[in-house]
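Below: one structure, written as structure tokens.
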Amino acid sequence: MPQEWAGESGRDRAVERYVQELLVRRPGSRPELPATLLLGPRGSGKTTVLRHLADWARQAPVARLDLAALGQEGRKPIDVLAALVFQLNEKKRDFARLSFPAFGLLTIAVAARMDAADRDAAVRQMEEALVGPPGSRSEVINQLATYAATVLGAPTAVTAALPLLPEWRRHWVRLRVRWQLARIRRRSRGGGSVDGFLVDLNQRYGDREAAERQRAESVLFDAFLDDLRRAYGSRGGDKRRTTQCLVLLDNVDSPLGNDFLKALLDARRKAGAADPLLVLATAGSYPAALEGFAFGGPRRPGALPGRWPAQEERFVPEQVVKGLVVGRLRDLVRHEVEQQAKEALRSAGRRVPVPAADNGVQWLGWVVHEITRGHPAGTAQLLAALLECPADAGWEARLRQVLQPSSELVDALLERLLPIDASGELMQALARGAAAVDLAQAQAGRVLWDESSARVQEEFNDFCTDVLRTMHLDSGDEESDGRTETPHPLLRLLLLRRLAAVPEPDAAAGGAAGGGAGARGRRAVHAALRDRAAAAGEEATAAYHALAGGDLAVAAAYLDDAFGRVEPEEWCADLCRLRRAPLAGAGPALDQPLWERYERLVEHLGEGAVEQRLRTITRLLAAVWIGPEPPDDPRTDRVGDPYRDPLGDPGAELYGEIQARFHTLAVHADSVPWTSALLRKAKQYGKEPWL
111 MPQEWAGESG RDRAVERYVQ ELLVRRPGSR PELPATLLLG PRGSGKTTVL
161 RHLADWARQA PVARLDLAAL GQEGRKPIDV LAALVFQLNE KKRDFARLSF
211 PAFGLLTIAV AARMDAADRD AAVRQMEEAL VGPPGSRSEV INQLATYAAT
261 VLGAPTAVTA ALPLLPEWRR HWVRLRVRWQ LARIRRRSRG GGSVDGFLVD
311 LNQRYGDREA AERQRAESVL FDAFLDDLRR AYGSRGGDKR RTTQCLVLLD
361 NVDSPLGNDF LKALLDARRK AGAADPLLVL ATAGSYPAAL EGFAFGGPRR
411 PGALPGRWPA QEERFVPEQV VKGLVVGRLR DLVRHEVEQQ AKEALRSAGR
461 RVPVPAADNG VQWLGWVVHE ITRGHPAGTA QLLAALLECP ADAGWEARLR
511 QVLQPSSELV DALLERLLPI DASGELMQAL ARGAAAVDLA QAQAGRVLWD
561 ESSARVQEEF NDFCTDVLRT MHLDSGDEES DGRTETPHPL LRLLLLRRLA
611 AVPEPDAAAG GAAGGGAGAR GRRAVHAALR DRAAAAGEEA TAAYHALAGG
661 DLAVAAAYLD DAFGRVEPEE WCADLCRLRR APLAGAGPAL DQPLWERYER
711 LVEHLGEGAV EQRLRTITRL LAAVWIGPEP PDDPRTDRVG DPYRDPLGDP
761 GAELYGEIQA RFHTLAVHAD SVPWTSALLR KAKQYGKEPW L
């Protein structure tokens, strides 16, 4: 079972600090607490963060709800609000219990009055009282309390809602009514349940009473916020309540979540007064409720609101409109993955040997981060899978075993990262599209869409334009540096593994055995993309796909032709772009020793006369393609492709060979700029990348 490490990463602690700063309250303060929306794709740890925060803040009034799960149960916003109120009403050892007289009495009236006209009259009375003078509110409260005290039979909805009311000794309604309510509460203690209350409340409104339900929901939201403001606004409440109320809402982008979020924000905006409600909501896509103008308008294309400062651990959401801020949940950085690797090895004990590399724990954290790029679910599941391998298996063998194209881990992670409703055809399209340099090439490449239905193409386009499923960045953002749209690196690696599992067409049959685009294997897809790029005059892209298809000679010839003709930084950037061409990922070649695989790649250099520079460039390209990424060089390495695959040479054994080839090129460059650039690149490979 993968470990969650909830609240242990610097990322989670930054979110915790952000919540803590807003949650702690000083007497006399009336801050306007924004609702915070935390965006993150599937598997980014949104639910884990909320679970951690609910446990961390358990001494304060806190409520945590999964709106997607409640929606699957057929719940409505009125049910969600009631569930939230009951959680905030729970007894806390060091916190004065919250009561909700207006909300509780109105729900009792709505649930107990079987006649629709009577229910609607009660709702209208409370609606008028909440916007009228204080005396009118007290009058309606007394009327509803009197009704609740005389309900015959004490139905489930009434007895369950009684704990929401203040203690009978407090002066909030007439003494006789308080006695009657207290007597009902004593007699029915344990007789009403929250679940029964929600069922009864939901059954009071049928499909034909949608307008009445919406009016009741609106007034109940108003009554809820009014109760909270009054609880914190009294002299005693102001002194005793040292924290705000924390509400944690998961999956607010679900249909029910959209309805609830809209109703809550609408009620807060309508009230025009600060309340003690601190809302932290999470979503895996931009909620439809926020698309409307009143809540901030549609999202900017290709933009993720809220940046995470690179040099400090702070969660800094971005204000969309007054009362609403939006931020994203970043992936884990390398030192956080290293810490998780250390904890995983410690928990495994002696049954799992430490990796043999220098500083094995650091190596394990590095290689896992290179593969997952810090995706939380991917990191946790990969570490768990590695530890479950046979004890006598080496770590390189473990890595290749758990990431075989047909492995359980690849299937499990794809299921975790892809859209829940992804069809089999979309899966095939995404696997073919992963071979492209970026999503733009995948969308424009007709060779990938032969025999694909218009529906699948539309699904694929929806995926490409969803900012949370890909790595879209603002084109003007200094962090993007011209980066194009690509899938998350872990998702791309997994999709390429799935593509590698597709049988290649029988060459003897003229390639017809593949049976259409859906059956095209890795080599066929790269060959089609290579031909398209060559026809369009895109030499660099054609060389990229030639190398991915196994044609090292064509890619090396492209680099040899550009050597000395372009600026050295541009040539080094081309080399970086080519070294990120996907490796095969499977097959007998990967079972061979590393140096044997390397020599087999360059064995054609022994045939006939090959010019010395081309020979050196070919060996260099083969080595950097197999080898893992070195530390980044911002001048040449940010080429728009975040793909990384250290499995070809996880021990960085080819780094010495790479350095030697760079030095050979530098010696024969006969140019100060070229020699300097090549020696700088050689220095990148001077030590193991995990140190």
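Residue numbers (this note's numbering): 111 to 801.
Think of the CB as a built atom: it goes at the ideal place given N, C-alpha and C, for glycine as much as any other residue.
Neighbourhood of residue i by C-beta, 6 Å cutoff - its chain only, sequence neighbours within 5 removed
i: Gly796; result: none
i: Glu142; result: Ala384
i: Glu535; result: Val566
i: Gln235; result: Val250
i: Arg542; result: Leu558, Val635
i: Arg207; result: Lys201
i: Leu474; result: Ala451, Pro465
Candidates the options, of which the one nearest residue i by Cα
i: Arg803; options: Asp747, Gly184, Leu600, Asp228; result: The displayed coordinates of the chain run from 111 to 801. Any statement about residue 803 would go beyond what the structure contains.
i: Lys793; options: Ala145, Ala770, Ala683, Cys499; result: Ala770
i: Arg121; options: Trp559, Gly155, Leu132; result: Gly155
i: Leu388; options: Arg729, Arg351, Val172; result: Val172
i: Lys432; options: Pro397, Gly382, Arg461, Thr392; result: Gly382
i: Cys499; options: Trp476, Gln169, Ser517; result: Ser517
i: Ala326; options: Thr217, Ala270, Glu114; result: Thr217
i: Leu374; options: Ala550, Thr260, Asp521, Leu191; result: Leu191
i: Phe673; options: Leu715, Asp780, Leu492, Pro486; result: Asp780
i: Arg790; options: Leu291, Thr746, Gly761; result: Thr746
i: Ser786; options: Leu132, Ser248, Glu679; result: Glu679
i: Leu788; options: Glu709, Arg707, Glu677, Glu114; result: Glu677
i: Phe425; options: Ala116, Trp784, Leu149, Glu709; result: Leu149
i: Val635; options: Val125, Arg123, Asp176, Gln551; result: Gln551
i: Thr774; options: Leu724, Leu715, Ala458; result: Leu724
i: Gly214; options: Leu558, Leu274, Thr392; result: Leu274
i: Arg123; options: Ala398, Val577, Ser246, Val159; result: Val159
i: Glu709; options: Leu688, Leu731, Ala466; result: Leu731
i: Cys682; options: Ile727, Arg640, Val664; result: Ile727
i: Leu180; options: Phe370, Thr256, Asp348, Ala258; result: Phe370
Span of the alpha helix (DSSP H), counted from its first residue to its last, around residue i
i: Glu428; result: Run containing Glu428: none in the alpha helix (DSSP H); it sits in the beta strand (DSSP E), 428-431.
i: Arg729; result: 722-736
i: Thr353; result: Careful: Thr353 lies outside any alpha helix (DSSP H) and carries neither H nor E.
i: Arg745; result: Segment: none, Arg745 is in no alpha helix (DSSP H) and carries neither H nor E.
i: Ala541; result: 534-544
i: Gly437; result: Not the alpha helix (DSSP H): Gly437 falls in the beta strand (DSSP E), residues 434-438.
i: Phe196; result: 187-198
i: Gly488; result: 486-497
i: Leu801; result: No alpha helix (DSSP H) contains Leu801, which DSSP labels as neither H nor E.
i: Leu343; result: Leu is not the amino acid found at residue 343; the sequence shown has Gly there. Here the alpha helix (DSSP H) through Gly343 covers 320-343.
i: Gln450; result: 444-458
i: Tyr753; result: Neither: Tyr753 is in no alpha helix (DSSP H) and is coded neither H nor E.
i: His881; result: Summary: the structure shown does not reach residue 881, with the chain confined to residues 111 through 801, and so no result is reported for it.
i: His778; result: Segment: none, His778 is in no alpha helix (DSSP H) and carries neither H nor E.
i: Gly367; result: 365-381
i: Thr575; result: 564-575
i: Ala666; result: 662-672
i: Gly184; result: Gly184 -> no alpha helix (DSSP H), and no H or E assigned at all.
i: Thr158; result: 156-166
i: Gln472; result: 470-482
Residues that residue i bridges to, as DSSP identifies them
i: Arg174; result: Leu358
i: Val287; result: Its beta-bridge partners do not exist; DSSP assigns none.
i: Pro597; result: Thr580
i: Leu387; result: Cys355
i: Lys202; result: Phe205
i: Thr392; result: Leu148
i: Val134; result: Thr353
Where the beta strand (DSSP E) through residue i begins and ends
i: Thr146; result: 145-149
Contacts around residue i, its chain only, beta-carbon distance under 7 Å, and the 5 residues preceding and following it disregarded
i: Glu649; result: Tyr668
i: Ala617; result: Caution applies to Ala617, whose pLDDT of 46 falls short of 50 and renders its modelled position unreliable; the value that the coordinates give is listed next. Correct list: empty, nothing qualifies.
i: Ala643; result: Thr651, Ala652, His655
i: Arg607; result: Leu513, Pro515, Val520, Gly695
i: Ala271; result: Gly214, Thr217, Ile218, Phe307
i: Asp376; result: none
i: Glu126; result: Gly117, Leu163, Trp166
Residues near residue i by beta carbon distance below 8 Å, same chain, minus five either side
i: Thr489; result: Leu442, Val447, Gln450, Val478, His479, Thr482
i: Val633; result: A small fix is needed here, since residue 633 is Arg in this sequence, not Val. These residues qualify, in order along the chain: Glu614, Gly659, Gly660.
i: Ala645; result: none
i: Tyr753; result: Thr596, Pro599, Arg602, Leu603, Arg690, Pro692
i: Ile736; result: Leu693, Leu704, Arg707, Tyr708, Leu711, Gly758, Asp759, Leu764
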